[in-house]
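First the structure, in the form of structure tokens, and then the observations on it.
2 protein chains.
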Amino acid sequence: MPSYHAPMRDARFIINEVVRLGDYSDLPGFESASRDIVDAVLDEAGKFAAEVLAPLNASGDQEGCIRQTDGSVTTPEGFKRAHALFRESGWGMLSAPEEFGGQGMPHILGFAVEEFMSGANMAFAMYPGLTNGAVRALLAKGSPDQKMAYVPKLVANEWLGTMNLTEPQCGTDLGLIRTSAELQADGSYTLTGTKIFISAGEHDLTENIIHLVLARTPDAPEGTKGISLFVVPKLLVNEDGSLGDRNAVSCGALEHKMGIHANATCVMNYDGATGWLVGEENKGLAAMFIMMNTARLGVGMQGLAQAEVAYQNGVSYAGERRQGRALTGPAEPGEKADPLIVHPDVRRMLMDGKAITEGLRALSLWAGLLVDLAQKAESEDERGQADDMLGLLTPVIKGYGTDLGYRVATDMQQLWGGHGYIVENGMEQFVRDARIAMIYEGANGVQAMDLVGRKLAKDGGKAIQAFFAEVDAECKTASDNEQLSDLAGRVGKANGELKAATMWLMQNGLGNPNNAGGAAYHYMHIMGIVALGLMWLRMGAAAVKALEDGAQTDDSQGRDFYEAKLVTGRYFGERFTPDAGALRRKLETGAETMMALPIEAFART
Amino acid sequence: MPSYHAPMRDARFIINEVVRLGDYSDLPGFESASRDIVDAVLDEAGKFAAEVLAPLNASGDQEGCIRQTDGSVTTPEGFKRAHALFRESGWGMLSAPEEFGGQGMPHILGFAVEEFMSGANMAFAMYPGLTNGAVRALLAKGSPDQKMAYVPKLVANEWLGTMNLTEPQCGTDLGLIRTSAELQADGSYTLTGTKIFISAGEHDLTENIIHLVLARTPDAPEGTKGISLFVVPKLLVNEDGSLGDRNAVSCGALEHKMGIHANATCVMNYDGATGWLVGEENKGLAAMFIMMNTARLGVGMQGLAQAEVAYQNGVSYAGERRQGRALTGPAEPGEKADPLIVHPDVRRMLMDGKAITEGLRALSLWAGLLVDLAQKAESEDERGQADDMLGLLTPVIKGYGTDLGYRVATDMQQLWGGHGYIVENGMEQFVRDARIAMIYEGANGVQAMDLVGRKLAKDGGKAIQAFFAEVDAECKTASDNEQLSDLAGRVGKANGELKAATMWLMQNGLGNPNNAGGAAYHYMHIMGIVALGLMWLRMGAAAVKALEDGAQTDDSQGRDFYEAKLVTGRYFGERFTPDAGALRRKLETGAETMMALPIEAFART
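Line by line, the protein sequences are chains A and B. Quick note on numbering that gives the first Met the number 0: the first sequence kicks off at 0 and runs consecutively. Quick note on numbering that gives the first Met the number 0: the second sequence kicks off at 0 and runs consecutively.
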């Protein structure tokens, strides 16, 4: 059985010493996030994840969800009780606004907690995770009545939320949506259509479920400009807040999936269900994107979380399993064989896993800070800058982060050898669960196009220029430090590759957009490398400072912890940054060859 | 439901025009492999794979194998009948020697057929696949009596074979084997112990199963020098060849696995089972390696095969599924959306899949020729050269080939979006099945060590020098051709990286073997890139020749086929060769940082 230990020390390090949450204590809500509070919250969340959620991860996968003949859905044994505990502990409301019953804590803390929950049990964490996005969409676009009716219940996790976008004929291309919404005399709408792949679409965790649904009004323009957003509760809500009739929305089937078995992925049938318009008619896509951007960061974190739990179980196996001898001679001559960790190729996978998880954690938590800065920073300028940077990083965190999450999960399974392929050992579940994160909330290729086609170009490239400048500045500072100069040189070089790739895109992508499309995926990965390099520079600087300040305790909490950061950062420079140049050379070959063949040439005869 | 079409045209092209089987018609057995025969065999095998095996792939995965209370194992519905057909059609005996009932055909043909079977149904193909290895080990090391008793039955697939190496405490490190074998008065041995992960260990496809088992005699030296090989039939064989008593070997349990559900992976209990020594006492590992080397090539082909079937289903989805519009404007304005294939990032994955599958197929089939040349070439020199090259390529085909197989399977699932994650669509099975190929028959990290630690060093690097020379020569020839010069330049450059990496290993790996261990995986991938580059140069040259010779038919069998080869080769050069440099730069950073941290530094607190 695999185990999970929330990486609390690492999260504390990033929040307190790298992102330095304390420096922002003048922001609303941040004053209450003192170091003590942060530590206490992380401790409690870590305990909850490890003790309540992790033990249900394998059993939930084995058992899956069951649709009963009446269309109701039963979650696996223990999930209902775990969600009740989750709700009572208030984990769903950590970063929600206080006026709706939330605790108003910084998102960076909410993100850290979300990683823990997802690492312990991804299928479980999705239930409250999607609710966060629903809350955000309602807060941004809902009417005051809608906010009052739904948000406090969602924040309290008394009800849970869903997002209903996909239909059989459309996933990425939401312009093809067919679900219809007809205005009724009382101002409500009647929704008819079929949605598929709806995570948490039906379940027994809460009495009510609040669906946010994309649909088309009768005379809506074709394509994405004719899509509106509706809120459709499973049980109608009376004016006094009590629950009323069952709405005409139901789960028609559960999907059989490769992984995340414990999350109910539903076909949802809307048979004249009653819903209400959220925001303006035909502006539904923009509203849904508010939800989706939150969800994308959450999905990036799922990649990290699965990498983390797989890494932990890879580490423990590498220390326990004995096989072969160190190349330099027996490390433990008294035993019949040495532990796996003596083998350089096992080390390679472990160091990759360490460099990736710690780097992605820093990047995700930085994004958590940017979420707040984009809303709460003092000046409009600062808010704008944070929002731009967050927009730029979101596809990278989602796309690059989940690609790496799958890679680490796969490597850690590999390290277990044949035992990694056996269900009971749990390593293969991490791979199956991690796999979906590359696909949903916009497949990673779509993230790459979002980055290259939208985020790069925005405001004349303001965001990417700001990113270049941050990296350059960090490299410059680090280059003066003996412990960091090697890494700084390598990250600086990778940043140079990113600049060159950006220039190439400007010169070749506008005239022939296929050049941009053919380059996008590689570009996203170069940017991911540089972004993680930036994180390793910042973590390195924080480690150097802690060591200079006299971190003394010679244990995993003290000097050793910081020294390991310096080694891991050096490793990242050595073994990750060289890819930036190769990726740049690949994308610079352009799209001509890639696009040359007709479809018939791909078929086998 | 996914479909499978054996890539017959491509196999024919490689066998007849690239490897040019006709040039070797003076070798024993090759005279009967005329073009017509090759074509007919491939056609029949392709039909069998597509019509008999492919329809059982998804159902076999869903149903799995069942161990009955009496320890017998039932394979999924249809498997028994399919194996009877397989046996009757003689697919198992294609490349087996004629004196034991085989057809004595060249291995290149057997390899092509093996790919088809494995692409259609990997779990099925493993049953006869392992038998091939058992035949080879018995032919090499068995006594005349053993050969006579077992080989004809195995060749005829009347019985099937297994290999029993792994035990709970040992996989890679076979020196830790505990299963004991005690000599009896009649010259037989009594075997006692537990083997795990035994593919096809017990099943209902054949009446008898012939186990090849590694065990230790009482006074055997410790470690790998004390291991002997035994043949242990499930049913004892009487002197007249009839079947006798049930032997004391049984399946104690079936493993629950991530994939290849339809292959019975057994815990095998030897409770005083009767066996006979194969070859010399304490020389069992060398004997088993004969079987293992065949198996490794077969596993490499499994990687290719899963990539191929996933690719085919990726291609068909990319042509049918409509989502979004071409970046250059609607490709099919009459439809609501364009097919996926218009999107460059979808193309990237398809072209990757095409370049990888066709490249790996050429490499695997070349290895098939080398198997025969190593045994049958006229001069000892030629046989030695073929054997060396085969030894060098085996870990690359297994390690790099299965890494790429998993990558293509994952990419093709990605191309299907959310639908790729749904069990019924079959794409996720290809990923789960492909995954094991990276693990078993020596995990890919072990392949890398075999390449760097054993194959490179052998005879003062004779094999790698020969490989360099082949690549250089091919690059030189190709550089004069306008259609191939770009690819030749890029492959030449990658070969330069491989040479530099080899030099670095010589200078840094001997003094500190951890440098070799830390470099091995990257080195294997560089060599894989160069090997596939060599294949693309050879395929390019064959295509140029066919076009010059006047291949006229303007369809997928004629000019279009050859022109697509040239485009795909160019793509391989553009998008794969740049990695060689990055990998070389990574490995040249050495093992110091990689090995710096104590195990405690990896644990989370």
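Where a beta carbon is used, it is the ideal one built from N, C-alpha and C, also for glycine. Computed from a predicted structure; not experimentally measured.
Taking a cut-off of 8 Å for Cβ pairs, the stretch 340-347 of chain A and the stretch 509-524 of chain B touch, as three or more such pairs fall below it.
F288(B): member of the alpha helix (DSSP H) spanning G283 to E319, first to last residue. By the C-beta criterion, the stretch 207-220 of chain B is judged to be in contact with the stretch 231-239 of chain B, since at least 3 inter-stretch pairs fall below 8 Å. The Cβ atoms of A111(A) and A10(A) lie closer than 8 Å to each other. Taking one beta carbon from each stretch, the stretch 398-413 of chain A and the stretch 428-447 of chain B have 3 or more pairs nearer than 8 Å; the two touch. Excluding residues up to 5 positions away in sequence, N514 lie with their Cβ nearer than 6 Å to the Cβ of G589(A) in the same chain. Residues are counted here when their Cβ sits less than 9 Å from a Cβ of chain A; for the stretch 489-515 of chain B these are N511, P512, N513, N514 and A515, given in chain order. When C-alpha distances from G297(B) are compared across L504(B), L175(B) and A433(B), the shortest belongs to A433(B). For P127(A), the number of other beta carbons within 10 angstroms of its own is at least 16, and it is reported as buried. According to the DSSP assignment, N513(B) belongs to the alpha helix (DSSP H) that extends over P512 to E547.
Across the structure, G333(B) and P512(A) are spaced so that their CA atoms are roughly 22 Å apart. Sequence-distant Cβ neighbours of A550(A) in its own chain, meaning closer than 7 Å and more than five residues away, are G557, R558 and Y561.
F78(B) sits in a helix when the DSSP states are folded into three classes. Within chain B, H4, Q311, V314, S315, G318 and S555 have C-beta atoms less than 9 Å from the C-beta of A602(A), given in sequence order. Taking L349(B) as the centre and dropping the five residues before and after it, the same chain places the C-beta of Y310, G313, V314, A317, I340 and L414 closer than 8 Å to its C-beta, in chain order. Taking 8 Å as the CB threshold, V40(A) stays off the interface with chain B.
Taking a beta-carbon distance threshold of 8 Å, D60(B) does not count as an interface residue toward chain A. Sixteen is the threshold: since fewer than 16 other Cβ atoms of the shown chains lie within 10 Å of the Cβ of A83(B), the residue is exposed. DSSP places I463(B) in the helix class (H, G or I) of the three-state scheme.
For C265(A), the three-state secondary structure derived from DSSP is strand.
Taking a Cβ-Cβ threshold of 7 Å, the residues of chain A close to F196(B) are G417, in chain order. Look at F575(A) here: in three-state DSSP terms it is coil, with no helix or strand label. G251(B) sits in a strand when the DSSP states are folded into three classes. Bounds of any alpha helix (DSSP H) do not take in F601(B), whose DSSP letter is neither H nor E. Nearest C-alpha to F196(A) among L536(B), G417(B) and L565(B): G417(B). Shown here for A122(B): same chain residues with a beta carbon closer than 6 Å to its own, the five before and five after excluded, namely G59, I259, A261 and N262 in chain order.
Residue pairing for D270(A): DSSP places it in a beta bridge opposite T191(A). Take L93(B), set aside five residues on each side of it, and the residues of its chain with a beta-carbon closer than 7 Å to its own are Q102, M104, L108, G109 and V112, in chain order.
In the DSSP assignment, the residues bridged to M162(B) are L211(B). No Cβ of chain A is located within less than 8 Å of the beta carbon of A294(B).
Chain-order list of chain B residues neighbouring P329(A): empty, with the shortest C-beta distance near 12 Å, by a criterion of under 7 Å.
Taking each of F85(B), T576(B), K152(B) and G89(B) in turn and checking the Cα distance to N120(B), the smallest one comes out for F85(B). V566, R569, Y570, E573, R574, P577 and D578: these are the residues of the stretch 564-579 of chain B whose beta carbon lies less than 7 Å from some beta carbon of chain A, given in chain order. Going by DSSP, D244(A) is part of the beta strand (DSSP E) stretching over L242 to R245.
From the beta-carbon of A10(A), no residue of chain B is found nearer than 8 Å; the closest lies around 10 Å away. Note that the C-beta distance between A304(B) and Q384(B) is not below 8 Å.
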